[in-house]
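Enquirer: Got a structure for you, questions after.
Below, the structure is given as structure tokens:
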């Protein structure tokens, strides 16, 4: 960790002092424990506030969409976030030349605050201590030690793709563990496990989970790949939704969003971490990514690749078609 | 053009306002591409091939025009089944629209499967302008399937 | 005896309730009232209706709940009326009103004060809101003074206090080994019969209570003087602090959905050929469609205007319109924010900027 921080500091310092970029995007410590805030590093003295750790939970690529073309910006990213940037570059939303990517090998994964809250029964912790892979959370009337893999984001638990694939500067860092699981497991294990359940159970699960949704749009707003000027749920002409917040609307919203992200979602899971209700909405997106792998062998997106739904092969599988007798 | 009038006629004699389980008849919305499937449906009519009157046709320029949201929304507002049909692969009037459509349909198909929603309510098929009989056959099949599934309560009564 | 009666008339009805008797008090209340209590769920504690005949209930330990009890009086989704076609006629069904008296038990001081703010808003102007007040008039609040404020709490800065009894009908003070039950309002005297069997409060207990109140107050680390906030904000409408603050905002509405005092709503309709309904749903000012006009013009087009609006509404417009602050300092918005945008930091920045100007 120290090594990453030192190396980051040097890179950011040189970028700022040599005026290669207008600012560098990073994180600073939040006002509550285990929370971080995006930081715009414009001056050298801002560098001291910069942090890099397992609770930098946002995908900063989202903020790049706000910036005008032609503005040089540096940004510190992990590999999943770099892949989301690649999708945006492929879709002509961001110019590669505008962005200076500082790639950091992801050694920890990201902690899902919602998971922590759930494991400590919705109580509040005032401090936490780290001891290897054990995290001890202390509150007013409790103290609980939790293993890192129980509070990591789902996609981080199974992630095997931790080294930056595209960068201008690479931070040298030892990867402390390849995957958090002890044995080598399938990247899509949680999806596979879920598929084993009965259809009725799956439907009931999604109904129960999405009932909690308040349509606050934190998932959409934290997702770098959601950049439509007018989202279909906000559209008035045509008005797709009655906006009465029926469960059917929530289901339809999340299903359609999943379809829009099919083959594009790069599993940074910023959406699930941003959800104030802790809904595991990411499961849907992960499933569709697994599908693009199974059907079209297109789950790893590289620079210049066509989008999955914007391309085709003549012999794509079509076993679901109704055939005449 | 004759067909457009026909659809309107069917709408007028649509089932009574209050649908009970006794008088329920499957209602199927069909999105047909202009160049193949719609013409196929036309041919079925011109050739006087009988098929169940449960289908209501929406003509779209190409199967690639069909947004998966059309299908979801149809199910939400209470259609019992959705049928989507386009040109056979390789025959698209716009060269590749149906290939893109096929990818979108497979996403929807897998999503339904994953969420545990009965896939029988969403049907995709390829019907060419020459396949009037095949169109009638598919409508028969889909209607039978829907009849077995019963009224669509997927998004109702939630 | 005479003296004691006088005491009761002066509304200083205070009783000592042993800790182990609290659950039986709740059970007693549940016989006559519909009760809303904090309930332990699988991984959280939430306010929910209690039916003590059907379920075992134990009052949980909590600081404050993740979600405020706002939704019981101002539901997330409320059907105002529905209509149905019957032959050629249309039948309109009015909303069925709540008849039962209900009690929200264990509500913290900040959330109780939030109802005061909602009362002011829903009764402002010429008409008061019948949907809100049909429930509000039937609702009594029994508070639980806050011994352990949370890290994001700042009620003392916005005119509240952990031991405040403002807006409550009765309050419980937790003294560690026992509770003091105090009746605050006239409506709250309805509770006297449920606690009359318990001993009266002693002077030593009251002293102890003051100690707890002081320690609770001391636990709130954040302190800011907001006496001039209305004037401060008047001069800062075009200030560049708003661009700085909004830079980190992703414009989701999580903060306003957890806020106990946010009350903006939208009225929507749903109908098909057989009938339909008109519903009132929560809306949030952080969404860009909140102010989108039919012409396509949006007066609050960017995050800058929307973040500013949220602060101005609570700390300026409220003071101008109703002479109260629109924030109770519960800190929920700070905790829920995906980017940890801290309203306390914003207020600090506002006060500092006003000093400079």
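Chains as they are written, first to last, in our numbering: chain R, 3 to 327; chain W, 20 to 177; chain Y, 21 to 377. We put the CB at the ideal spot given by N, CA and C, even for glycine.
Within the same chain, show all residues whose beta-carbon is closer than 7 Å to that of residue 6 of chain R, passing over the 5 residues directly before and after it, in chain order.
Expert: Start at 1 with the first residue of the first chain, and residue 6 of chain R comes out as number 4. Closer than 7 Å at Cβ, skipping near neighbours: 54, 106, 173, 175.
Enquirer: Going by the C-beta, is residue 141 of chain W closer than 7 Å to any heavy atom of the ligand ZN?
Expert: As far as ligands go, the structure on display features none, and thus does not contain the ligand ZN.
Enquirer: Assign residue 54 of chain W to buried or exposed, taking buried as 16 or more other Cβ atoms, counted over all protein chains shown, within 10 Å of its Cβ.
Expert: Position 35 of the second chain, counting from 1, holds the residue named residue 54 of chain W. It is buried - the Cβ of residue 54 of chain W has at least 16 other Cβ atoms within 10 Å.
Enquirer: Any C-beta of chain W sitting closer than 8 Å to the C-beta of residue 208 of chain R?
Expert: Position 206 of the first chain, counting from 1, holds the residue named residue 208 of chain R. Closer than 8 Å: yes.
Enquirer: Going residue by residue through the segment 63–134 of chain Y, where are the continuous beta strand (DSSP E) segments of at least 3 residues, counting only ones entirely within it?
Expert: Fully enclosed beta strand (DSSP E) runs of 3 or longer: 65–70, 97–106, 109–114, 122–127.
Enquirer: Can you have a look at residue 54 of chain Y and say buried or exposed, based on whether 16 or more other CB atoms are within 10 angstroms of its CB?
Expert: On the third chain, residue 54 of chain Y is found 34 positions in, with the first residue counted as 1. Buried is the call here.
Enquirer: Measure how close the beta-carbons of residue 43 of chain Y and residue 79 of chain Y come, nearest whole angstrom, since I'm counting them as under 8 Å.
Expert: Counting from one through the third chain, the residue named residue 43 of chain Y turns up at place 23. Counting from one through the third chain, the residue named residue 79 of chain Y turns up at place 59. Right, their Cβ atoms sit about 6 Å apart.
Enquirer: Does residue 194 of chain R pass the burial test, meaning 16 or more other C-beta atoms within 10 Å, or should it be called exposed?
Expert: Against the first chain, residue 194 of chain R aligns to sequence position 192. By the 10 Å Cβ count, residue 194 of chain R comes out exposed.
Enquirer: With respect to the beta strand (DSSP E) encompassing residue 38 of chain R, which residues constitute its N-terminal and C-terminal limits?
Expert: Walking along the first chain from the start, residue 38 of chain R turns up at place 36. Here the beta strand (DSSP E) through residue 38 of chain R covers 38–43.
Enquirer: Determine, using beta carbons only, whether residue 273 of chain Y comes closer than 8 Å to chain R.
Expert: Position 253 of the third chain, counted from the first residue, corresponds to residue 273 of chain Y. True, the Cβ-Cβ gap to chain R drops below 8 Å.
Enquirer: Determine the contact status of residue 348 of chain Y and residue 281 of chain Y, defining contact as a CB-CB distance below 8 Å.
Expert: Indexing the third chain from 1 puts residue 348 of chain Y at position 328. Indexing the third chain from 1 puts residue 281 of chain Y at position 261. Yes, they are a contact pair.
Enquirer: For residue 128 of chain R, would you say it is in contact with chain Y, using Cβ-to-Cβ distances shorter than 8 Å as the test?
Expert: Residue mapping note: residue 128 of chain R aligns to position 126 of the first chain, counting from 1. Output row for residue 128 of chain R: interface = yes.
Enquirer: Locate the beta strand (DSSP E) running through residue 87 of chain W, then write down its first and last residues.
Expert: Position 68 of the second chain, counting from 1, holds the residue named residue 87 of chain W. From DSSP, residue 87 of chain W is part of no beta strand (DSSP E) but of the alpha helix (DSSP H) over 87–96.
Enquirer: Are the beta-carbon atoms belonging to residue 89 of chain R and residue 303 of chain R less than 8 Å from one another?
Expert: The count along the first chain starts at 1 and reaches residue 89 of chain R at position 87. The count along the first chain starts at 1 and reaches residue 303 of chain R at position 301. Yes, the pair counts as a contact, with Cβ atoms nearer than the cut-off.
Enquirer: Look at residue 48 of chain Y and residue 129 of chain Y and say whether their C-beta atoms are less than 8 Å apart.
Expert: The residue you call residue 48 of chain Y lines up with position 28 of the third chain. The residue you call residue 129 of chain Y lines up with position 109 of the third chain. No. Outside cutoff.
Enquirer: Please identify the residue among Y/212, Y/90, Y/133, Y/331 whose C-alpha is closest to the C-alpha of residue 256 of chain Y.
Expert: Numbered from its first residue, the third chain carries residue 256 of chain Y at position 236. Of the candidates Y/212, Y/90, Y/133, Y/331, the one whose C-alpha sits nearest the C-alpha of residue 256 of chain Y is Y/331.
Enquirer: Which residue spans inside the segment 231–261 of chain R form an unbroken alpha helix (DSSP H) run of at least 4?
Expert: Listed in chain order, there is nothing to give.
Enquirer: Near residue 221 of chain Y, which residues of its chain fall below 6 Å by C-beta distance, leaving aside the five closest residues on each side in sequence?
Expert: One-based indexing of the third chain puts residue 221 of chain Y at position 201. Closer than 6 Å at the Cβ level, and outside the excluded window around residue 221 of chain Y, lie 34, 36, 200.
Enquirer: Is the Cβ of residue 136 of chain W closer than 8 Å to any Cβ of chain R?
Expert: In the second chain, counting from the first residue as 1, residue 136 of chain W sits at position 117. Cβ-Cβ to chain R under 8 Å: yes for residue 136 of chain W.
Enquirer: According to DSSP, what are the bridge partners of residue 324 of chain Y?
Expert: Stepping through the third chain from its first residue, residue 324 of chain Y is reached at position 304. BP columns for residue 324 of chain Y are empty, so no partner.
Enquirer: With a threshold of 8 Å between beta carbons, is residue 34 of chain R in contact with chain Y?
Expert: Within the first chain, residue 34 of chain R is the residue found at index 32, counting from 1. Yes - at least one Cβ of chain Y is within 8 Å of the one on residue 34 of chain R.
Enquirer: Look at the Cβ atom of residue 237 of chain R, then the Cβ atom of residue 174 of chain W, and state whether they are nearer than 8 Å.
Expert: In the first chain, the residue the question calls residue 237 of chain R occupies position 235. In the second chain, the residue the question calls residue 174 of chain W occupies position 155. Cβ distance not < 8 Å, so residue 237 of chain R and residue 174 of chain W don't count as in contact.
Enquirer: Quick check on DSSP: helix, strand or coil for residue 353 of chain Y?
Expert: Mapped onto the third chain, residue 353 of chain Y falls at position 333. Looking at residue 353 of chain Y - three-state DSSP - the assignment turns out to be helix.
Enquirer: Determine the contact status of residue 130 of chain W and residue 261 of chain R, defining contact as a CB-CB distance below 8 Å.
Expert: For the purposes of this step, residue 130 of chain W is taken as the residue at position 111 of the second chain. For the purposes of this step, residue 261 of chain R is taken as the residue at position 259 of the first chain. Result yes, Cβ atoms of residue 130 of chain W and residue 261 of chain R sit closer than 8 Å.
Enquirer: Is the segment 269–288 of chain R touching the segment 304–322 of chain R, taking contact as three or more C-beta pairs under 8 Å?
Expert: No, they do not touch.
Enquirer: Could you give the residue range of the beta strand (DSSP E) that holds residue 154 of chain W?
Expert: By one-based count along the second chain, residue 154 of chain W stands at place 135. Note, residue 154 of chain W: premise wrong, no beta strand (DSSP E); alpha helix (DSSP H) at 151–168.
Enquirer: What residue from Y/335, Y/325, Y/234, Y/272 has the CA that sits closest to residue 137 of chain Y's CA?
Expert: Working through the third chain from its first residue, we reach residue 137 of chain Y at position 117. The candidate whose alpha carbon is nearest that of residue 137 of chain Y is Y/335.
Enquirer: Using only alpha-carbon positions, find the residue among W/126, W/58, W/70, W/140 that is nearest to residue 79 of chain W.
Expert: Within the second chain, residue 79 of chain W is the residue found at index 60, counting from 1. When each option's Cα is compared against that of residue 79 of chain W, the closest is W/58.
Enquirer: Taking the DSSP output, what are the residues bridged to residue 142 of chain W?
Expert: Counted from its first residue, the second chain places residue 142 of chain W at position 123. Residue 142 of chain W pairs with W/102.
Enquirer: What are the residues in the segment 277–290 of chain R lying within 7 Å of chain Y by C-beta distance?
Expert: If the cut-off is 7 Å between Cβ atoms, the segment 277–290 of chain R has 278 near chain Y.
Enquirer: Closer than 8 Å, CB to CB, is residue 327 of chain R near chain W or not?
Expert: One-based indexing of the first chain puts residue 327 of chain R at position 325. Yes, its Cβ sits closer than 8 Å to a Cβ of chain W.
Enquirer: Can you name the residues that DSSP bridges to residue 76 of chain R?
Expert: Your numbering for residue 76 of chain R matches position 74 in the first chain. According to DSSP, which records beta bridges pairwise, residue 76 of chain R is partnered with R/26, R/102.
Enquirer: Give me the chain R residues within the contact set of residue 277 of chain Y, using Cβ-Cβ distance strictly less than 8 Å, ordered along the chain.
Expert: Position 257 of the third chain, counting from 1, holds the residue named residue 277 of chain Y. Within 8 Å Cβ-Cβ: 216, 218, 278.
Enquirer: Would residue 24 of chain W count as contacting chain R if we go by Cβ distances under 8 Å?
Expert: Reading the second chain from its first residue, position 5 is the one you call residue 24 of chain W. Interpretation of residue 24 of chain W is limited by its pLDDT of 41, a score under 50 that renders its predicted location unreliable; no figure is taken from the coordinates.
Enquirer: Across which residues does DSSP place residue 34 of chain Y in a beta bridge pair?
Expert: By 1-based counting over the third chain, the position of residue 34 of chain Y is 14. The partner list for residue 34 of chain Y (beta bridge, DSSP) reads Y/202.
Enquirer: Who are the Cβ neighbours of residue 190 of chain R in its own chain at under 6 Å, not counting the five residues just before and after it?
Expert: The sequence position of residue 190 of chain R within the first chain is 188, counting from 1. Closer than 6 Å at Cβ, skipping near neighbours: 292.
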